[in-house]
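*Asks:* So that you can map any letter, position 342 of the sequence shown is 342 in the numbering used here, and since no number is skipped, the others follow by simple counting. Where is the CB? At the ideal position from N, CA and C, for every residue including glycine. Let me give you the structure first, and then I'll get to my questions.
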Amino acid sequence: GGKDRRSGLILTIPLCLEQTSMDELSVTLDYLLSIPSEKCKARGFTVIVDGRKSQWNVVKTVVLMLQNVVPAEVSLVCVVKPDEFWDKKVTHFCFWKEKDRLGFEVILVSANKLTRYIEPCQLTEDFGGTLNYDHMDWLNKRLVFEKFTKESTSLLDELALINNGSDKGTQQERERSIDLNFLPSVDPETVLQTGHELLSELQQRRFNGSDGGVSWSPMDDELLAQPQVMKLLDSLREQYTRYQEVCRQRSKRTQLEEIQQKVMQVVNWLEGPGSEQLRTQWGIGDSIRASQALQQKHEEIESQHSEWFAVYVELNQQIAALLNAGDEEDLVELKALQQQLSDVCYRQASQLEFRQNLLQAALEFHSVAQDLSQQLDGLLGMLCVDVAPADGASIQQTLKLLEEKLKSVDLGLQGLREKGQSLLDQISNQASWAYGKDVTIENKENVDHIQGVMEDMQLRKQRCEDMVDVRRLKMLQMVQLFKCEEDAAQAVEWLSELLDALLKTHIRLGDDAQETKVLLEKHRKFVDVAQSTYDYGRQLLQATVVLCQSLRCTSRSSGDTLPRLNRVWKQFTVTSEERVHRLETAVAFHSSAEKILQECPEEPEAFNEMEQFDEIEAVGKSLLDRLTVPVVYPDGSEQYFGSPSDMASAAEHIREKMKLVSLKKQQLRQPEATTPES
1 GGKDRRSGLI LTIPLCLEQT SMDELSVTLD YLLSIPSEKC KARGFTVIVD
51 GRKSQWNVVK TVVLMLQNVV PAEVSLVCVV KPDEFWDKKV THFCFWKEKD
101 RLGFEVILVS ANKLTRYIEP CQLTEDFGGT LNYDHMDWLN KRLVFEKFTK
151 ESTSLLDELA LINNGSDKGT QQERERSIDL NFLPSVDPET VLQTGHELLS
201 ELQQRRFNGS DGGVSWSPMD DELLAQPQVM KLLDSLREQY TRYQEVCRQR
251 SKRTQLEEIQ QKVMQVVNWL EGPGSEQLRT QWGIGDSIRA SQALQQKHEE
301 IESQHSEWFA VYVELNQQIA ALLNAGDEED LVELKALQQQ LSDVCYRQAS
351 QLEFRQNLLQ AALEFHSVAQ DLSQQLDGLL GMLCVDVAPA DGASIQQTLK
401 LLEEKLKSVD LGLQGLREKG QSLLDQISNQ ASWAYGKDVT IENKENVDHI
451 QGVMEDMQLR KQRCEDMVDV RRLKMLQMVQ LFKCEEDAAQ AVEWLSELLD
501 ALLKTHIRLG DDAQETKVLL EKHRKFVDVA QSTYDYGRQL LQATVVLCQS
551 LRCTSRSSGD TLPRLNRVWK QFTVTSEERV HRLETAVAFH SSAEKILQEC
601 PEEPEAFNEM EQFDEIEAVG KSLLDRLTVP VVYPDGSEQY FGSPSDMASA
651 AEHIREKMKL VSLKKQQLRQ PEATTPES
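Pasting the structure below:
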């Protein structure tokens, strides 16, 4: 990086004690001299031979070698002599003797006097100068530069061969050229990154100062390297961009060819075997089982088509992606492929859907026809069985069932007509997908079958309607009679449920007088409900007697219902009276106990007689005894209120309050001679 006073470059040759290989030194000098530009070489070189650590004969050999290695470029050779100087006469005589033959001046100088010929700022610290120079750093950068230059040059040749091969000849020649040189030997991205890092380092060194803060001027080789690196990077970017485009075009063409091949596979199958499968399917079956068999066969056909439709979806997505890329040269071809594929697939899918809908409509028609036939058979079976007045309550249900069946038959026949007409409409459109096949004969068979089924069902329904009208007139006369009997029986059930609820759930006696009064009021309302139920049942039984007399028939249920109603009512009455008695006793007990417990001990006049306590205890014991006694019905049967645990819980509340009254009684009997403090 140093320069002499003529702006010529300074070449330093450090010699060491070890044996110096002149061949290696010659090669090194050749390499170093190849770095500067011709303009720099024209200004000449100043060579510094550092012989302080070498022998005179080695220095002499190096100086003589410069004549061959650096012919006319050397203007001055400065041999730095060691402290122990060589034989002055010999050295001076040798250089002086060879001066004319060498063609350059050679001087011997000590290191501290080298500044007489070269400025100190152009000398390194080894010679007492201030030039900042790191040889290892320069060497590393040079190796990176050499590697980048070699790789980029080779890569440029490969990319140029690939790119040029894609621009010439026919389509087959371009593809063959691309196949042979498709992958470069090195990664272009890596080489570009290396070049950018190298250029960034060179540009950074140009503007940054040295470690000592002194501005540093880059060496000529580095200044020369920058435009070389920039030029290589520009060329690489250009060729790499073309290479990427070539790869993209090749990938696009390969993808397009694959798509074309798959499209033709889909189209050929759908228009060939797929269409042939549909041509052989035309019938609708004459029963549910036949229609289901045809549906199963059609599902197998659909399953085969679904595999090709899946390929269609994938191809359509790939074509859409290529269309979005916006390459105008392929737009027409891609759109034509997409249109062809879509037309064939949609046409085949619509035909499959049409066939599926037709079979589904046929299955629904046969299902409705079968259900209607079964309904007509059931209705006819009911009409063929004679219903006698002695059948009882089933008459009403039979009449209701008869009406429901007739209504169901009407709805079924209406549904059959709708399904049949819809199926006929679809059959009339079957020729639109028959691929030119004449399906008139097959369609006529299907139409005749559908119309025949509907006419047969209409005739059967009409016969059943005539028979239903006759049966209805007879059965309506008995409906009201048996309805009254059923309602009377229901009243007995309701009354029994009320009795059961009274025994099982109406158990509590209340924790105080207020709560017991509320329970007593609820019980009276409960009794009113039971009374209404009983009156309702009596009225229904009276109506039943009147209806039986008018129809001149004997009721089979009213004779048993009236005794049951009276028996349940008597049981309810006895149970209700017992419940009322217990609640009234509980009200009296809680009222008296609460009155005594709430009185203050400072008012002894309220307890003049201890008889009140005895009365409360007597009422409590009476209530406890009554809780253990069952309810005795007129027929001698017995029933208890609730479970034993429920009665025990109610009795426990009574006993606790009796204990409080007893405690109060004992407190009043104690002497009153107590002080206020106590």
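#1: Helix, strand or coil for SER75? Go by DSSP, reduced to three states.
#2: Express the C-alpha separation of MET230 and VAL62 in angstroms, rounding to a whole number.
#3: With a threshold of 7 Å on Cβ separation, who are the neighbours of MET467 within its own chain once the five nearest residues in sequence on each side are excluded?
#4: Between the Cα of ARG538 and the Cα atoms of LYS665, VAL629, LEU562, ASP528, which residue gives the shortest distance?
#5: By how many angstroms is the C-alpha of VAL246 removed from the C-alpha of SER177?
#6: Go to GLU689, then tell me how far its beta strand (DSSP E) extends in each direction, as first and last residue.
#7: Would you list, in sequence order, the uninterrupted alpha helix (DSSP H) runs of no fewer than 4 residues that lie entirely inside the stretch 120 to 157?
#8: Where do the N-terminal and C-terminal ends of the beta strand (DSSP E) with PHE699 fall, by residue?
#9: Just reading off the beta strand (DSSP E) that ASP50 is part of, what are its end residues?
#10: How about LYS39: is its C-beta nearer than 8 Å to some C-beta of chain B?
#11: Could I get the ranges of all uninterrupted alpha helix (DSSP H) runs contained in the stretch 618 to 674, with 4 residues as the minimum, in chain order?
#12: Rounded to whole angstroms, what's the CA-CA distance from GLU364 to ALA349? Just pull it up for me.
#13: To which residues of the same chain is LYS665 closer than 6 Å at the C-beta, ignoring the five residues directly before and after it?
#14: Would you kindly check if the distance between the Cβ of TYR633 and the Cβ of VAL574 is under 8 Å?
#15: Sorted by chain position, which residues of the same chain lie with C-beta nearer than 7 Å to LEU9's C-beta, five sequence neighbours on each side aside?
#16: Under 8 Å, do VAL708 and LYS461 count as touching if we go by C-beta distance?
#17: Report all residues from its chain with a CB closer than 6 Å to the CB of GLN549; omit the five preceding and five following residues, and keep chain order.
#18: In whole angstroms, give me the CA-to-CA distance for PRO644 and LEU509.
#19: Roughly how many whole angstroms lie between the Cα atoms of PHE127 and ALA111?
#20: Restricting to Cα atoms, I'd like to know which of GLN458, LYS400, VAL447 is closest to LEU411.
#21: Out of PHE145, SER303, PRO184, which has the shortest C-alpha to C-alpha gap to LEU233?
#22: For THR280, name the three-state secondary structure that DSSP assigns.
#23: As a quick exercise: from TYR346, PRO227, ALA290, pick the residue whose alpha carbon is nearest that of ALA310.
#24: Which whole-angstrom value is the C-beta distance of ARG5 and GLU119, which I expect to be below 8 Å?
#25: Does DSSP put THR12 in a helix, in a strand, or in coil?
#26: Mapping DSSP to helix, strand and coil, what is VAL63?
#27: Pick from THR585, ASN316, SER637: whose alpha carbon is nearest that of GLU258?
#28: Once DSSP output is grouped into helix, strand and coil, what is the label at VAL186?
#29: Are the beta-carbon atoms of LEU423 and CYS484 separated by less than 8 Å?
#30: Just to confirm before moving on: does the CB-CB distance between CYS464 and LEU376 stay below 8 Å?
#31: Please report the distance separating the alpha-carbon of GLN249 from that of SER342.
#32: For TRP308 versus VAL266, is the C-beta spacing smaller than 8 Å?
#33: Could you give the C-beta distance for VAL631 and GLN639, rounded to a whole number, given that I count them as a contact under 8 Å?
#34: Just checking my contact of ILE288 with GLN370 at CB under 8 Å: how many whole Å lie between their CB atoms?
#35: What does DSSP give as the partner residue(s) for LYS3 in the beta ladder?
#36: Report buried or exposed for ARG524, applying the criterion of at least 16 other Cβ atoms within 10 angstroms of its Cβ.
*Replies:* Here's the rundown:
#1: Counted from its first residue, the sequence shown places residue 75 at position 75. SER75: strand per DSSP, three-state reduction.
#2: Stepping through the sequence shown from its first residue, residue 62 is reached at position 62. Stepping through the sequence shown from its first residue, residue 230 is reached at position 230. One C-alpha to the other measures close to 37 Å.
#3: By 1-based counting over the sequence shown, the position of residue 467 is 467. Closer than 7 Å at the Cβ level, and outside the excluded window around MET467, lie LEU383.
#4: For the purposes of this step, residue 538 is taken as residue 538 along the sequence shown, with counting starting at 1. That would be LEU562, whose Cα lies nearest to the Cα of ARG538.
#5: The sequence position of residue 177 within the sequence shown is 177, counting from 1. The sequence position of residue 246 within the sequence shown is 246, counting from 1. For SER177, the predicted model reports a pLDDT of 44, less than 50, meaning its position is unreliable and no value from the coordinates is stated.
#6: Within the shown structure, residues of the chain are numbered from 1 to 678, placing residue 689 beyond reach of any answer.
#7: none
#8: This structure gives no information on residue 699, because the portion of the chain shown stretches from 1 to 678.
#9: Within the sequence shown, residue 50 is the residue found at index 50, counting from 1. 45 to 50 is the span of the beta strand (DSSP E), which, as asked, contains ASP50.
#10: Considering every chain present, this structure includes no chain B. It has just one protein chain.
#11: 644 to 669
#12: Taking the sequence shown and counting its residues from 1, one reaches residue 364 at position 364. Taking the sequence shown and counting its residues from 1, one reaches residue 349 at position 349. Their Cα atoms are separated by approximately 22 Å.
#13: Taking the first residue of the sequence shown as 1, we reach residue 665 at position 665. Here the set comprises PHE613.
#14: Taking the first residue of the sequence shown as 1, we reach residue 574 at position 574. Taking the first residue of the sequence shown as 1, we reach residue 633 at position 633. Their beta carbons are under 8 Å apart, which means VAL574 touches TYR633 by this criterion.
#15: The residue given as residue 9 occupies position 9 in the sequence shown. LYS3, PRO36, CYS40, PHE45, ASP220.
#16: The structure shown does not extend to residue 708, since the chain spans only 1 to 678, so no value can be given for it.
#17: Here residue 549 is taken as the residue at index 549 of the sequence shown, counted from 1. Same-chain partners within the cutoff: there are none.
#18: One-based indexing of the sequence shown puts residue 644 at position 644. One-based indexing of the sequence shown puts residue 509 at position 509. Each residue's Cα considered, the two are about 15 Å apart.
#19: In the sequence shown, residue 127 corresponds to position 127, counting from 1. In the sequence shown, residue 111 corresponds to position 111, counting from 1. Rounded to the nearest angstrom, the two C-alpha atoms are 5 Å apart.
#20: In the sequence shown, the residue the question calls residue 411 occupies position 411. Answer by Cα proximity: GLN458.
#21: Sequence index remark: in the sequence shown, residue 233 carries index 233 (1-based). Cα-wise, what sits closest to LEU233 is PHE145.
#22: Stepping through the sequence shown from its first residue, residue 280 is reached at position 280. Looking at THR280 - three-state DSSP - the assignment turns out to be coil, as it is neither helix nor strand.
#23: Counted from its first residue, the sequence shown places residue 310 at position 310. Selected option, being the one with the closest Cα: TYR346.
#24: By one-based count along the sequence shown, residue 5 stands at place 5. By one-based count along the sequence shown, residue 119 stands at place 119. With 8 Å as the limit, ARG5 and GLU119 qualify as a contact, their Cβ atoms being about 7 Å apart.
#25: Locating residue 12 in the sequence shown gives position 12, where the first residue counts as 1. Of the three classes helix, strand and coil, the one that applies to THR12 here is strand, per DSSP.
#26: As a working mapping, residue 63 is identified with position 63 in the sequence shown. Of the three classes helix, strand and coil, the one that applies to VAL63 here is helix, per DSSP.
#27: Sequence index remark: in the sequence shown, residue 258 carries index 258 (1-based). The shortest C-alpha separation from GLU258 is found at ASN316.
#28: By 1-based counting over the sequence shown, the position of residue 186 is 186. In the structure shown, VAL186 sits in coil (DSSP, three-state: anything other than H, G, I, E or B).
#29: Residue mapping note: residue 423 aligns to position 423 of the sequence shown, counting from 1. Residue mapping note: residue 484 aligns to position 484 of the sequence shown, counting from 1. Contact: no.
#30: Taking the sequence shown and counting its residues from 1, one reaches residue 464 at position 464. Taking the sequence shown and counting its residues from 1, one reaches residue 376 at position 376. Cβ distance < 8 Å, so CYS464 and LEU376 count as in contact.
#31: In the sequence shown, residue 249 corresponds to position 249, counting from 1. In the sequence shown, residue 342 corresponds to position 342, counting from 1. Each residue's Cα considered, the two are about 26 Å apart.
#32: Here residue 308 refers to the residue found at position 308 when the sequence shown is read from its first residue. Here residue 266 refers to the residue found at position 266 when the sequence shown is read from its first residue. The answer is yes: Cβ separation under 8 Å.
#33: On the sequence shown, residue 631 is found 631 positions in, with the first residue counted as 1. On the sequence shown, residue 639 is found 639 positions in, with the first residue counted as 1. VAL631 to GLN639, Cβ: 5 Å. Contact.
#34: Here residue 288 corresponds to residue number 288 of the sequence shown, with the count starting at 1. Here residue 370 corresponds to residue number 370 of the sequence shown, with the count starting at 1. Correct: roughly 6 Å between the Cβ atoms.
#35: Within the sequence shown, the letter at position 3 stands for residue 3. DSSP lists LEU9 as partners of LYS3.
#36: What you label residue 524 is simply residue 524 of the sequence shown in a count that begins at 1. Counting Cβ neighbours within 10 Å, ARG524 comes out exposed, since fewer than 16 surround it.
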